[in-house]
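Per numbering that gives the first Met the number 0, the very first residue in the sequence shown carries number 0; after that it's consecutive.
All C-beta atoms, glycine included, are put in the ideal place defined by N, C-alpha and C.
Treat the numbers as computed from the prediction; the structure is a model and nothing was measured.
Data block below; observations after.
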Amino acid sequence: MAAAAQALADGEPVVIPTETVYGLAADAVDAVAVARVFAAKDRPADDPLIVHVSPGLLARTGADDRLAALVALGLVSPALEAACARTALALLEGCWPGPLTVVLPRGPAVPDAVTSGLPAVALRMPEHPVALAVIDAAGRALVAPSANRFGRISPTHADAARAELDGRVRLIVDGGACRVGVESTVVRVHADGSLGLLRPGAITPEQLTGRVGSAVTRVGSEAGRAASPGRTPSHYAPRTPLVVTSTPPSAWSDARIADLRARLSHGRLGWLAGSDALRPSTTLRDALGAPDVVEALLASDGRASTAARHLYATLRSLDEAGPDVIVACVDAQDDGLAEALTDRLTRASHGTRPLPP
Ligand code: TXA
Ligand code: MG
């Protein structure tokens with residue numbers, strides 16, 4: 000903690016664990032430190048960062064509530080519309096700490112680089128004890144984008160963060176495997192208090208509606224890119240081409256099998272099974288010409304939350320095995336994480352021609 004706090008005070012980025020994915024943290028109000036984060040990640044300047052805070056940091060302001068504390072820190076604008084402030088406060092008090100990022104009009108302390116010049120800033124209070132301890136030890140708000148190089152898979156354990164950023168950061172704080180496994184839900188609070196979902200995550204639209212009483216609009220991918228510039232479709236991609244299906248192998252058409260077979264130029268197939276029932280059958284293996292199959296089971300219980308927790312580490316290990324193509328055969332039981340899981344799988348498959356029906 001002391002080493003992390005010192006590095007952060009020196010303006011040096013530090014890798015920290017959170018309950019979602021590992022982040023590359025730096026002082027959020029130090030423009031030089033923020034520039035180092037962009038450089039270490041090879042991240043383009045038009046992809047804004049999330050500012051992370053802790054209960055301790057907010058309490059030290061002496062403000063009456065979490066929203067007032069963010070205003071006191073200069074992170075959020077003091078001039079919010081009443082409806083916007085009401086909704087924001089309900090989210091901050093009801094869903095923090097946790098995997099929820101709230102986008103609000105920015106305050107004067109936030110450097111331009113953090114928001115890519117946008118008038119709004121993204122804020123999150125993680126619930127990982129180590130992340131909160133680092134923020135408290137540093138005594139400052141921290142930007143923390145996922146600790147991967149741009150366009151790559153987010154790390155969900157310290158070794159993965161090291162594989163991404165070795166030689167580019169001074170310190171990696173190891174907090175074990177991440178509990179959620181996919182990035183936080185990102186939601187924008189509009190002036191009228193309504194909500195726009197910019198990125199699905201473990202906090203569902205239903206939970207948000209339950210907290211604030213108003214419906215959540217899913218901002219489509221096109222509008223989403225304008226509203227949330229970092230959401231390029233190619234995010235979270237493995238190097239290996241990836242195709243996604245929910246059809247069990249026993250029901251695959253001849254055309255589909257022939258199509259996949261033609262992609263196996265080196266005879267090596269990666270297979271990500273959402274559950275036991277979605278593993279490649281002997282019949283399918285034979286029909287594919289008995290390739291060398293590198294297999295991984297995402298969730299032995301078939302649940303979306305379990306699959307989400309293991310997704311990135313599993314993709315990473317399949318990627319490293321160097322198959323010609325990875326098939327993600329997933330039909331997870333929705334326990335709140337299905338939308339986020341589908342979103343990340345879709346993004347991981349971006350740029351690869353889908354399998355025929
Ligand atoms: O779970 C998480 O949120 C992780 C952990 C480390 O906290 N962090 C994370 O950061 O996923 P990153 O940088 O990989 O994703 C941040 C995304 C941006 O790509 C963008 O979509 C959205 O958050 N975002 C950030 N600032 C925004 C803003 N001012 N307006 C709209 N969207 C914003
Ligand atoms: Mg990221």
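Rounded to whole angstroms, the gap between the alpha carbons of T203 and V185 is 10 Å. Annotation: the continuous alpha helix (DSSP H) that includes G93 extends over A81 to C94. The alpha-carbon separation between P16 and V52 amounts to approximately 14 Å. For P104, the pairing in a beta bridge is given by DSSP as A119. Scanning V101, A201, D9 and D291 for the CA closest to the CA of P322 turns up D291. By the C-beta criterion, the segment 168-179 is judged not to be in contact with the segment 82-90, since fewer than 3 inter-stretch pairs fall below 8 Å. When the five nearest sequence neighbours on each side are left out, the beta carbons in the same chain lying within less than 8 Å of the beta carbon of R35 are those of G10, E11, P12 and A25, in order along the chain. Not a single heavy atom of the ligand MG lies less than 7 Å from the C-beta of S183. For R198, no alpha helix (DSSP H) encloses it; the enclosing beta strand (DSSP E) starts and ends at L194 to R198.
Judged by the Cβ position, S145 qualifies as a neighbour of the ligand MG at the 7 Å threshold, a heavy atom of the ligand being closer than this. If you check the C-beta of V120 against the ligand TXA, you find a heavy atom less than 7 Å away. DSSP places I325 inside the beta strand (DSSP E), whose first and last residues are V324 to C328. In the three-state reduction of the DSSP assignment, G138 falls in the coil class, being assigned neither a helical nor a strand state.
G174 is not bridged by DSSP to any residue. Taking the Cα positions, L194 is about 38 Å away from V324.
Taking the Cβ of S153 as the reference point, at least one heavy atom of the ligand MG falls within a distance shorter than 7 Å.
Ranked by how close their Cα comes to the Cα of A214, the residues V188, R238 and I152 have V188 in first place. Distance between R302 and V28, taken at the CA atoms: about 40 Å. A heavy atom of the ligand TXA is found nearer than 7 Å to the CB of T100. Of the candidates R352, S304 and A250, the residue whose Cα lies closest to the Cα of S280 is A250. For V186, the enclosing beta strand (DSSP E) begins and ends at T184 to V188.
Judged by DSSP secondary structure, R217 falls within the beta strand (DSSP E) whose first and last residues are V215 to R217. Distance between A130 and A4, taken at the CA atoms: about 12 Å. When the beta-carbon positions are compared, S145 and Y21 come within less than 8 Å of each other.
The segment 156-170 and the segment 106-115 do not touch, with fewer than 3 CB-CB distances between them shorter than 8 Å. DSSP lists G22 as the bridge partner or partners of I15. For T244, the uninterrupted beta strand (DSSP E) run begins and ends at L241 to T244, by DSSP. For L296, there is no enclosing alpha helix (DSSP H); the residue is found in the beta strand (DSSP E) stretching over D291 to L296. Burial check for R65: the Cβ neighbour count within 10 Å reaches 16 or more, so the residue is buried. If you draw a 10 Å sphere on the C-beta of D342, you find 16 or more other C-beta atoms in it, and that means buried. In the DSSP annotation of this structure, G209 is not part of any beta strand (DSSP E); the continuous alpha helix (DSSP H) holding it starts and ends at P204 to V211.
CA-CA distance, A312 to A306, rounds to 11 Å.
When the beta-carbon positions are compared, L314 and L340 stay at least 8 Å from each other. Shown here, H51 sits in a strand according to DSSP, grouped into three states. Scanning L74, G61, R59 and G55 for the CA closest to the CA of I49 turns up L74.
Scanning A276, A78, A121 and G350 for the CA closest to the CA of A236 turns up G350.
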